[in-house]
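Before any comments, here is the structure.
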Amino acid sequence: MSDHTSLKTMEQKKDKGFVRNLLDRMNINTILPLVGFIVIVVVFAFLTDMRIVQPNSINLILSQVYVLMIAATGVFMVMTIGGLDFSQGSILGLASIVISYLSFYNIILGIIAGIIAGAVIGAINGFFHVKFRIPSFIVTICTMFLFRGLNAYLTTNSPVAAHVSVTSYNVTWLKVLLTILVLLIAYLLFTYTKLGMVLKAIGAGETAARYSGVRTNLTKFLVFTAAGGITGFAAFLNVIKVGSITATAGNQLETQILISLVLGGLPITGGAKVRFYNIIVGTLIFSVLNNGLVMLALDTAMQQLIKGIIFVLVVALTIDRESIQVVK
1 MSDHTSLKTM
11 EQKKDKGFVR
21 NLLDRMNINT
31 ILPLVGFIVI
41 VVVFAFLTDM
51 RIVQPNSINL
61 ILSQVYVLMI
71 AATGVFMVMT
81 IGGLDFSQGS
91 ILGLASIVIS
101 YLSFYNIILG
111 IIAGIIAGAV
121 IGAINGFFHV
131 KFRIPSFIVT
141 ICTMFLFRGL
151 NAYLTTNSPV
161 AAHVSVTSYN
171 VTWLKVLLTI
181 LVLLIAYLLF
191 TYTKLGMVLK
201 AIGAGETAAR
211 YSGVRTNLTK
221 FLVFTAAGGI
231 TGFAAFLNVI
241 KVGSITATAG
251 NQLETQILIS
261 LVLGGLPITG
271 GAKVRFYNII
281 VGTLIFSVLN
291 NGLVMLALDT
301 AMQQLIKGII
311 FVLVVALTID
321 RESIQVVK
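Here the sequence shown is numbered in this note's numbering, starting from 1 and rising by one per residue.
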């Protein structure tokens, strides 16, 4: 009897240890974005009488997510190292203008030039951030205003129209293919090379990463450059969608990216808890939320209020308080 009781007690402890171990592994940052996406879809499906899950609504949501998802891929790397980039909207606008101008000569040349234009602005961000040790959010806010002003100047007299043939590329299969291609390349680099480990190491502790042999300054410079180049490529999808570029092109893209990534579970402090799926889940949550609020016919002020409340709640739930630091 005594042996049986002891055996039963040991089994209970073993089971308790397994359950506790399982719960320990279930990080809230991992499950919250996925649960949040499901909840938001279900809630808006109920509130809109299932209109948001109709094919037309799904196509509308997807049409708005391509540029956002590609541009967010570059900012994802910036935020992984603990930085912020508020210049993405200006980069998209300027790269779109460059592509539109050159589309009259050769669209491939235009795409390459758009990528280069974005990369140059990203390199400027990286240079001032690394060389002069200026926090990234300050540098990128400055370049945001600088290049937004340039965009406004270039479109002062009239919108910059692309060649009429450019809009023929605005087909779903091409946009899906290009988006998947960017995500796949970024995923492979982030997951199966040293890139992901290095970026997470810088985000977790730049000094420790430097002592471990990581060339932190060069890495940060290249990350900002790459982020700009990726958004420069996203500008192509923007051009084929709208056909002409105005001074407002790219406005609020930077905040949309930031909100999307945080909604996707990406810690605003970066570091080891960053996961690549934060990009996909976050941009989908943002797009569903945005379109759902529009379908409810809420005024703009109320939409902004609801988004702000959700954003604050998600940040409060996902921020890593143990490693919180001043944003680089």
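Positions of the beta carbon are idealized from the N, C-alpha and C atoms, including for glycine.
- Judged by their CB atoms, S90 and T143 are nearer to each other than the 8 Å cut-off.
- In the DSSP assignment, G250 falls outside any alpha helix (DSSP H) and carries neither an H nor an E.
- Every alpha helix (DSSP H) stretch that sits fully inside the region 189-214 and reaches 4 residues is listed by chain position as 194-204 and 206-211.
- Your pair S158 and G83 does not check out as a contact, with CB atoms roughly 36 Å apart and the cut at 8 Å.
- Collapsing the DSSP output to three states places V274 in coil.
- V166 sits in a helix when the DSSP states are folded into three classes.
- Per DSSP, the continuous alpha helix (DSSP H) segment holding P55 begins and ends at P55 to T80.
- DSSP, read as helix, strand or coil, puts I245 in strand.
- Take the alpha-carbon of T73 and the one of G228: they are about 10 Å apart.
- In the DSSP annotation of this structure, F104 is not part of any alpha helix (DSSP H), being labelled neither H nor E.
- Per the C-alpha coordinates, the member of I268, I259 and I112 positioned closest to M69 is I259.
- The Cβ atoms of F224 and D85 sit closer than 8 Å to each other.
- Boundaries of the alpha helix (DSSP H) around R148: S136 to L154.
- In the displayed model, V314 falls within a helix according to three-state DSSP.
- Listed in chain order, the non-local C-beta contacts of A161 below 6 Å within the same chain comprise S244, local neighbours out to five positions each way being set aside.
- Taking C-beta atoms as the reference points, I121 and F147 count as a pair closer than 8 Å.
- Pairing N217 with L60 gives a Cβ-Cβ distance that is not under 8 Å.
- In the displayed model, A161 falls within a strand according to three-state DSSP.
- Within its own chain, the residues whose Cβ lies closer than 8 Å to the Cβ of R210, once the five positions on either side in sequence are excluded, are T216, listed in chain order.
- For the pair L199 and A226, the Cα-to-Cα distance works out to about 13 Å.
- With contacts defined as CB atoms closer than 8 Å, G265 and I279 fail to qualify as a contacting pair.
- Assignment of I115 by DSSP, reduced to helix, strand and coil, places it in the helix class.
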